[in-house]
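Asks:
Protein chains: 2
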Amino acid sequence: MEVAWSDESHFLIHHVRVRHLPGEHMNLDLAAVYVSDAQYNRKIVFDTSPQAIRLYLLYNHWGMQFLVYAFIVIDLALAIFEDPAVIPLPIWATTMIEIVCLSAFGFRLVHYAKVIPLERFWKDPKNICIIVIILLSLVDIIIYWLLKAIGLFAVRWSRVLRPLLLVNITEGRQLRRALRSIRNALPQILCVFLLFMFSVFMFSLLALKLFVKRGLTTTDGDAYFTSYLEIVFDLYVLVTTANSPDVMMPAYNSSVFFALFFFIYILINTYIFNSVFLAIVYNNYKKYLKQEVRQLVKVKRHKMVQAFELLQEKKGEETVVTQASWNQLVRLVQPDISNAHRELLWSVSDNSKKGCIGKGAFVQLPDLLNMQVTIEKAEQPPLQTLLPPLYLSIPSRLVCRMVRHRLFVYTYDLITLVNAVFICLDEENLLIANTEWVFLALYLLEILLKLYTFKPRTFFSRHKFWNCRQILDIVFILRIVRLIRVVDRIKRSGVQGRIFSVVYYVFAMVGMELFKGKIHFFDVKSTHPDKAFCGNPLLKNSSFAKHNYCKNNFNNVISSFILLLELTVVNQCGFTAVTHVSARIFFVLFHIVIVIIIINIFIAFVLEAFFVEYTMEKSDLQSSLEKKIKELELGIKQYVSDNFAARLALNLF
Amino acid sequence: MEVAWSDESHFLIHHVRVRHLPGEHMNLDLAAVYVSDAQYNRKIVFDTSPQAIRLYLLYNHWGMQFLVYAFIVIDLALAIFEDPAVIPLPIWATTMIEIVCLSAFGFRLVHYAKVIPLERFWKDPKNICIIVIILLSLVDIIIYWLLKAIGLFAVRWSRVLRPLLLVNITEGRQLRRALRSIRNALPQILCVFLLFMFSVFMFSLLALKLFVKRGLTTTDGDAYFTSYLEIVFDLYVLVTTANSPDVMMPAYNSSVFFALFFFIYILINTYIFNSVFLAIVYNNYKKYLKQEVRQLVKVKRHKMVQAFELLQEKKGEETVVTQASWNQLVRLVQPDISNAHRELLWSVSDNSKKGCIGKGAFVQLPDLLNMQVTIEKAEQPPLQTLLPPLYLSIPSRLVCRMVRHRLFVYTYDLITLVNAVFICLDEENLLIANTEWVFLALYLLEILLKLYTFKPRTFFSRHKFWNCRQILDIVFILRIVRLIRVVDRIKRSGVQGRIFSVVYYVFAMVGMELFKGKIHFFDVKSTHPDKAFCGNPLLKNSSFAKHNYCKNNFNNVISSFILLLELTVVNQCGFTAVTHVSARIFFVLFHIVIVIIIINIFIAFVLEAFFVEYTMEKSDLQSSLEKKIKELELGIKQYVSDNFAARLALNLF
């Protein structure tokens, strides 16, 4: 049910009817594009000829964007089918698909070149990047086939470049921003990293002097801390806490005082340096966020001023935009907006009810459009709508009162508790296993009763995550609902995930070329004689094979990703046993990129999201919108979105 | 050489000579106490009778404070000599020492009771705490001796209370503040922790349903993921990353898709929750820091206003403090202040040279006294002072020019690099081993040449850490000198370390009572038959014994501390194998307290120290001091300390 305006004409009194000449139509179209750009923070400067505008609209169409992402996903997914493959496909097939993808990216780029001025196109590094990536991929394909044809060994090295497409497409704005903030932090990180490595080298030197002459041995009987580079590597791994306390035990067993050495080492290199890395990343992240927001607000304002100038009319001294043009504009920009919502936004903009607004009020339009106002329909429980007499009968009312009663909630809390106890009990007992069905039935009953009693909207709330509140009631943690919003926000902003994907993909590609086939996994039931050492004699009696880590290999893209995930959590590099020791560089590099930079970015993001949720106030614009809603007594229950500026800032990343 | 004032009488023109009546003397003394309290942020409200003031001065005397700390250290160190002992002493000896310590604390408390009003004494919870600790310790000693006398088993349970003395003595202000900030964060932490545990329980339930019927086994052949509580514990440990990837391997070996389960689990419970815990602690830490600073500034101002009212004189309309009283006051508060320094501070306070200052300027005194102004003596290289003709001769000048030259620095950088390469080379080679002496000689030469050329102060700078700059020159990282100040600050503020000590001590005491003697360490050369399983048959074939972790035990206070340190870095709990499974609660508790709370406080502290160093500006007062120094052209090179407000805030913790 739409909110009915008591007197629609009330808003039309001041309307100045303007006849629409063809040129005006075009102006309106162009203004709509500007507003839309401002709304979605697009910074593209496009040609303003009618044809270019049409192309530009097509370029920004969600279908085209979807296609681009689809082709990128297909291109990246090729790693599943290419050698070393999870599901092998013939090489000609994967090559064909890749060429199709590359042409799609080419077409998209040509489209972009038609939309924006040509000199701008060639100045933009991201376009150059895409061209280079496409060309290099083609060159790689040709070289690969040529080498294959004459029977030589060939490597598809251009696969490393594929994730860069995700960064360089027009839609990769967020990702580029995140990477730029990382780049800005790099000089400082490098400085501290050098200091950190210096500290590791000095401690290693000290360790060499302390231990080399003592002839200590590890539990495997190997010499302990005798080669300088070995010590450096071991102590570097200790920073990741992966080999604690093993690396310390031989020294500690020989004397208690050596524990002091490791204690100081861990304090400085694990705790202090890690915190400083976090501080640097966080500091830069915040600084950069502010800069970006400032710049975005500028671009947004500029776009809106352009839109204003297209629609402005003289009214006495002032230049204004009339409600009529404003209405047309909003309908163009957001065709699905309801009349009530649109009138509400107008009444916020035109606070003094003049029938027209100046530049200051006009530029707020994208922010107003971005605010989510949900119009609550005066809902009733479904049964009440269908069979009112039955629903309002005395037994039905009793049921409703029961469900609304506190005791109902407590009863179900108790049931859940009993269920929890039953779950912890013996699984094998048939009787206990069957109680599960009873509990399931009870929960079903609860849902049905609640659906019967409450309005559907109360039951199914807007954010899907809110439904979890139902479960949380059980543990009485209503205070943390805000926290759930933080987590929700983290999930909605996919940038962190995309950065991880880009880095993982690159390392997976390189890792697969370097380490594929070195380690074999044999099925649990297999009785192959090589099973005990993962199919590689070098791993005989190694702890890697003993722990049955054979499936942690680079033999295909999926196991590579899982291995890299494990490396993210805990550094664990049995690979150096089966290849050259220099392979350790690969693992150390991965650790530096992931743990020192990317994870800290992630933590910084969570910290910032948390602080925004817990400390910021509502923006002026938002409160004026809320005030207006109250003033008008529209019966509209607003779910006004979070703090505008902070939300804007976070959505950037 | 003191800076000579051109005309000392210049400052004396406005002096109003005041004859000192006995009452005035007393006022001055009292005012000095107030200023001193304001300077060191003491909040004690004391009696103002002359006798009480004298007692109060004695109470704050550094010697008394030193004695208190000495007795606390002795009391805490008793754990080394008490059973289970590192160095066993007879029980009567340790008991005697403990009684001496307890009486010292008692005397200190009586002293405090004489200083402050009695009703305040009994209202203060920290006094009650100390009394209770002393009484409980005495009761414990008596019970222990009685039980021993009749031959029963006895536990010295009051040892757990000892570190609480460190918190409750008057000097433990910083520690109390830190603990209060933790307490303030607790409700929020608890909420999130409940949510976290809820998530762990739900994931465990999912894991049970997923794996229980598959009959998977670990590498040791044990059943994998069959008991609910086992799963909960394993997944909890996975949050600490200690058992990654072992806990995942059986599932991953059986199917790739199970890796997804662990991936989602680690993402949510390790990364997101850990970041949220950090965010909560950091947020509360900042909020609390602000509150504390605000309150401290208020107390400080109040003390200074009291001092002002004691010294004020009428001068026309205004009440002022004359330079004469001010001088006497400053001399009383800081007897070792130089005349030049004192005159400088006065000229900052009395900016308009009236010869007296109002309340506004007077209350700044403690801040001015806290600013470090180092008067640089016009130093010369020592040889120049001793033998000027020789030092100024042409060859000597040539040497000096050489040392000052850039090439000299570069040469030594090169030497260091060569040295680094040599260090990495084979240790066994005698020739290479002997080159070390050459390098040592070269470094010694460098130091001597620099001592010859530069002023001593240039060489030995004030902060001991600054000397490291010499080393850092080598790696060209001058930009991070600020960072060193951050680390320096972390080191100077010992609160973090003291919090760690308190928590470690409590857990070590409990751990020793619970687990002492369960595991035995045999010397490397020992051939005892029980060596293979750490002297406990329950550990036969366990990975704990295989890795030779036997020295990680609770058999004395030192090995307990080292074990707790290891637990801080990586959770590693073989103890549950030799005692009841419920011992796991001990380890989980320790993990919650240390990793979730204390380490996050530490990180928050580093973050804040970093931000203060990198973002804050100098305070007004500080810049006016610097301006004055420039104005007066005193030839005083100031090492004005860091931002006052921020420094104040950080020194609180």
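Top to bottom, those sequences are chains A and B. Residues in the first sequence are numbered from 1 upward in steps of one, following the numbering used here. Residues in the second sequence are numbered from 1001 upward in steps of one, following the numbering used here. Don't be surprised by glycine CBs; every beta carbon is placed ideally from N, CA and C.
1. Any C-beta of chain A sitting closer than 7 Å to the C-beta of B/VAL1237?
2. Mind pulling the alpha helix (DSSP H) runs of 4 or more residues that sit fully within the region 320-367 of chain A?
3. Could you say which of B/VAL1232, B/VAL1110 and B/ASN1253 lies nearest to B/TYR1265 if we only look at CA atoms?
4. Just to make sure I have the definition right: I need the residues of chain B whose C-beta is within less than 9 Å of the C-beta of A/TYR224. Which are they?
5. From which residue to which residue does the alpha helix (DSSP H) around B/GLU1082 run?
6. Going by DSSP, which residues form a beta bridge with B/ALA1223?
7. Are A/VAL35 and A/ILE169 touching if we call contact CB-CB under 7 Å?
8. A/LEU564 touches chain B at which residues, Cβ-Cβ below 9 Å?
9. Residues of chain B with CB closer than 9 Å to the CB of A/SER255, please, in chain order.
10. Roughly how far, in whole angstroms, is the beta-carbon of B/ILE1131 from the beta-carbon of B/LEU1109, given that I think they are within contact range, below 8 Å?
11. List, from N- to C-terminal side, the beta strand (DSSP E) runs of 3 residues or more that fit wholly inside the region 1042-1128 of chain B.
12. Answer yes or no: do B/LEU1565 and B/PHE1507 have a C-beta to C-beta separation smaller than 7 Å?
13. Mind listing the chain A neighbours of B/SER1501? Cutoff is C-beta to C-beta under 7 Å, in chain order.
14. If you check the beta carbons only, do B/ASP1350 and B/ILE1357 fall under 7 Å apart?
15. Quick check: the region 32-51 of chain A against the region 292-301 of chain A, are there 3 or more CB pairs under 8 Å?
16. Once DSSP output is grouped into helix, strand and coil, what is the label at B/LYS1314?
17. Using a cut-off of 7 Å between C-beta atoms, extract the partners of B/VAL1606 located in chain A.
18. Using a C-beta to C-beta distance shorter than 8 Å, which residues of chain A count as neighbours of B/LYS1551?
19. Might you give, ordered along the chain, the residues of its own chain that have their beta carbon closer than 6 Å to the beta carbon of B/PHE1439, omitting 5 neighbours on each side?
20. Would B/PHE1153 be called buried (16 or more neighbouring beta carbons within 10 Å of its own) or exposed?
21. 7 Å is my cut-off, CB to CB: does A/HIS547 come that close to chain B?
22. Distance check for B/LYS1148 and B/ILE1142, CA to CA, integer angstroms please.
23. May I have the straight-line CA-CA distance separating A/LYS286 from A/LEU179, to the nearest angstrom?
24. By how many angstroms is the C-alpha of A/THR453 removed from the C-alpha of A/SER393?
25. Is the region 1088-1104 of chain B in contact with the region 1132-1141 of chain B, if contact means three or more CB pairs nearer than 8 Å?
26. Below 8 Å on the Cβ atoms is my contact criterion, and I expect A/LEU216 with A/ALA259 to pass it. Report the Cβ-Cβ distance as a whole number of Å.
27. Please work out which residues of its chain come closer than 6 Å, Cβ to Cβ, to B/PHE1554, disregarding the five sequence neighbours upstream and downstream, and give them in chain order.
28. Measuring alpha carbon to alpha carbon, tell me which of A/LEU344, A/LYS518, A/ILE558 and A/ILE598 ends up nearest A/HIS580.
29. Along chain B, in chain order, which residues have C-beta atoms closer than 8 Å to that of A/VAL570?
30. Counting C-beta neighbours from all protein chains within 10 Å, is the total for A/THR322 16 or more, i.e. buried, or is it exposed?
31. Just confirm the distance between the C-beta atoms of A/PHE308 and A/VAL363, as a whole number of angstroms; I'd bet it's less than 8 Å.
32. Helix, strand or coil: how does DSSP classify A/ARG156 here?
33. Using a Cβ distance threshold of 8 Å, determine whether the region 1534-1543 of chain B contacts the region 237-249 of chain A, with at least three qualifying pairs required.
34. Using 8 Å as the cut-off, can you tell me whether the region 1113-1126 of chain B makes contact with the region 1070-1086 of chain B, which would need three or more C-beta pairs spanning the two stretches below that distance?
35. Look at the alpha carbon of B/GLN954 and the alpha carbon of B/SER1275, and state the distance between them as a whole number of angstroms.
36. Grab the span of the alpha helix (DSSP H) containing A/GLY511 for me, first residue to last.
Replies: In short, the structure shows the following:
1. no
2. 323-333, 339-349 and 359-362
3. B/VAL1232
4. None at all; the shortest Cβ gap to chain B is about 11 Å.
5. Note, B/GLU1082: premise wrong, no alpha helix (DSSP H); not H, not E.
6. B/THR1217
7. no
8. Here the premise fails: no neighbours, minimum Cβ distance about 11 Å.
9. Going along chain B, no residue has its Cβ under 9 Å from A/SER255, so there is no contact; the nearest lies around 10 Å.
10. 7 Å
11. none
12. no
13. Those do not exist, as B/SER1501 stays about 13 Å from chain A at its closest Cβ, beyond 7 Å.
14. yes
15. yes
16. strand
17. ILE272, SER275, VAL276 and ALA279
18. MET249, TYR252 and ASN253
19. ASN1419
20. exposed
21. yes
22. 10 Å
23. 14 Å
24. 13 Å
25. yes
26. About 14 Å separates the two Cβ atoms, so there is no contact after all.
27. GLY1511, MET1512, PHE1515, LYS1516 and SER1560
28. A/LYS518
29. THR1241, SER1244 and PRO1245
30. buried
31. 7 Å
32. coil
33. no
34. no
35. This structure does not reach residue 954 of chain B, given that chain B is present from 1001 up to 1653, and the question cannot be answered.
36. 495-515
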